[in-house]
Structures are given as C-alpha cells and as structure tokens.
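Enquirer: Residue 674 is where the sequence shown starts when you use my numbering, and the numbers rise one by one after that.
Glycine included, each C-beta is placed from N, C-alpha and C at the ideal position.
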Amino acid sequence: MELRFDGKTALITGGARGIGYATAKMLAEGGARVALLDIKGDLVQDSARKLSAESGAKAVGLKADITSEQDVDAAVTRVIESLGPVDILISSAAIADDKLFLDSGPSDWRRMIDVCLHAPMLCLHKVLPGMVSRRYGRVVCLASDSARLGQARLSYYAAAKAGVIALVKSVAQEVGKSGVTLNVVSPGATNTELRQEREAQMRAQMGEERYQRRVQTVLRMYPTGRLGEPDDIAWAIAFLASENASWITGQVVSVNGGFAMP
Ligand SMILES: NC(=O)c1ccc[n+]([C@@H]2O[C@H](COP(=O)([O-])OP(=O)(O)OC[C@H]3O[C@@H](n4cnc5c(N)ncnc54)[C@H](O)[C@@H]3O)[C@@H](O)[C@H]2O)c1
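Here you go:
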C-alpha cells in the first residue's frame, strides 16, 4: 500500500535537510504540497527547488527562525496564501549541544528550550486553530530517545524534548474529537548533518583511535547493527501524517534500530 497525501498541504520545520527533508520528499511523492521552513535561507530554497524537480510537487522554501513569533506568523501566512491551509505539521527543526550539565549555563538552557520546545509550541499554536475548524489535522513532532531514557551530555536537549512529548500528549487529549491527531517520533542515532557535525567535533576532541573505539561501542548498542538513515525515520513520520493513522494519537514511536525498548 502506498501512502497518499493528495490535496494536502504539509508544513515542515527544519525541512532544509536531514529527517525533515527526507519526510518532505516522501509526502511530496505521495501528492502533498509542501512548505519547508528553515533558518538556513539559501539551503531551504535550494531544497524546495530540488524537491519540486524530483517529485513534481508544488514546494516552497521559506527562511524563518521558528523561535521568532513574527517569523512564524509571516511564514504560515505565506504558506496558506501559496499552498492552502496547513493539514500536516511536521516539527523537525532542532539544535544539539554536547555538554555536561555542570559545564553548561542558563544561556545554553534558554537557547535549547527556545528552539526545541518553545518554537514547536509556537508553530503548533499557529496552525492548530485551522486544523480544528476544518476538523482535520496531523501533527508529528520529533523528539529523541534521550528524552525517554535520559542521556549524559544531552541533559537540557533531553529535557526540552521531554517537554515536547508532554505537550503532544496533552494537546492530543484536547483536540481528539476534532479529527486532529498529534504524535511523536523519537529517533535513535540517525546519519544526518546534525549527527555528522557532532561526530566531527568528537573526533577532533578524542583523536582517531579513541573515536574509532567509540564508533564500535555505539554500534554494539544497536541490535540491528547499524545506525538509522533519514528515510528510516521518515517512513514512520509519513505513516503518522497519513489519513490511515486516524486512530493513533498521543503516542511516542521510537524508531531506533532497537537501541532502547522503552
Ligand atoms: N539525527 C539524529 O541522530 C537524531 C536523533 C534523535 C532525534 N533527532 C531529532 O530529529 C529532528 C531532525 O534532526 P536532523 O538530524 O534531521 O537535524 P538537522 O540539523 O539535519 O536538521 C535540522 C534543521 O533544523 C533547522 N533549524 C535549527 N534551528 C532552527 C530555527 N530556529 N528555525 C528554523 N530552523 C531551524 C536547521 O537549520 C536544520 O536544517 C530533530 O528534532 C532532532 O532533535 C535526530
């Protein structure tokens, strides 16, 4: 069975690259009109052009810092004007910060909570009224298994993502009868630029020999014997964003190669 999104408009934050882009491609190939929002202005426009060329779907790429209420308002207004009301929200934008809690401080925490919790709230708050009034909506937010299990060196990222899980479950209870579902996809380590950038930093800090040992240790934690690829995560997101998933709401789906079985 092929997932179809004909006639639907999807808005994807952090859609310029990584898991967001992989999801955008799947939805576009299934017939959705797609809007990519990203703080990386040039990349998001290139990605939207590539998406259109590869899928034949209507796609727009908008530069927006989703921590800014003004940017979110302006971007959503432009999406509605050019593609129609938003039926699907995929909240993928995030940053990561590898630091021990005691080496971090309030400005680190504030920035993380702003990007990873406050911004998804802003975007949801902006598109949800339209979904409720049209009695249809699909929201999928990206969290992380670090939010479910805790993870050293990712304490405030994990805390912000745990907030997203609580937000999704709570709002899912509020709007369930309006035909709007909200779910969370919680990836394990996935080969995206975000991960590659963090790994490059670690490699530089640790030196080659220690870093290679770390790579093997991480791999041993994955019963499937490999890390994730963006499409592994996008398949789960696309299913939850489809009409077929109408009886799944308020759930957290770990897509993690068996890394954790919470
Ligand atoms: N890659 C992994 O291993 C992994 C693991 C667990 C969870 N996740 C989660 O999956 C999601 C996607 O991760 P990814 O690996 O594809 O990341 P990525 O860095 O490749 O993509 C994220 C995008 O978000 C954008 N972004 C960041 N801050 C923004 C802002 N303020 N406004 C607008 N855009 C902004 C970035 O420019 C980037 O293009 C994230 O929520 C991440 O926390 C990823």
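Between residue 925 and the rest of its own chain, which residues show a CB-CB distance below 6 Å, the 5 nearest in sequence each way excluded?
Expert: 838, 857 and 859
Enquirer: Does the beta-carbon of residue 703 have 16 or more other beta-carbons within 10 angstroms, so that it is buried, or is it exposed?
Expert: Residue 703 should be labelled buried.
Enquirer: Return the chain-ordered list of same chain residues with a C-beta closer than 7 Å to the C-beta of residue 823, the five sequence neighbours on each side being excluded.
Expert: 831
Enquirer: Considering only the beta carbon of each residue, do residue 843 and residue 808 sit closer than 9 Å?
Expert: no
Enquirer: Whole angstroms are fine: how far does the CA of residue 733 sit from the CA of residue 722?
Expert: Going by the C-alpha atoms only, they are around 8 Å apart.
Enquirer: Exposed or buried, what is residue 863 when buried is set at 16 or more other beta-carbons lying within 10 Å of its beta-carbon?
Expert: buried
Enquirer: Determine which residues share a DSSP beta bridge with residue 683 and list them.
Expert: Paired residues: 707 and 761.
Enquirer: Heavy atom of ligand 1 less than 8 Å from the Cβ of residue 825, yes or no?
Expert: no
Enquirer: Name the two residues that bound the continuous beta strand (DSSP E) containing residue 940.
Expert: Missing from the structure shown is residue 940; the chain here goes from 674 to 935 and no further.
Enquirer: Closer than 8 Å is the cut-off here; do at least three beta carbon pairs connect the stretch 674-681 with the stretch 904-920?
Expert: yes
Enquirer: According to DSSP, which residues form a beta bridge with residue 856?
Expert: 813
Enquirer: Can you tell me the Cα-Cα spacing of residue 792 and residue 880, whole angstroms?
Expert: 36 Å
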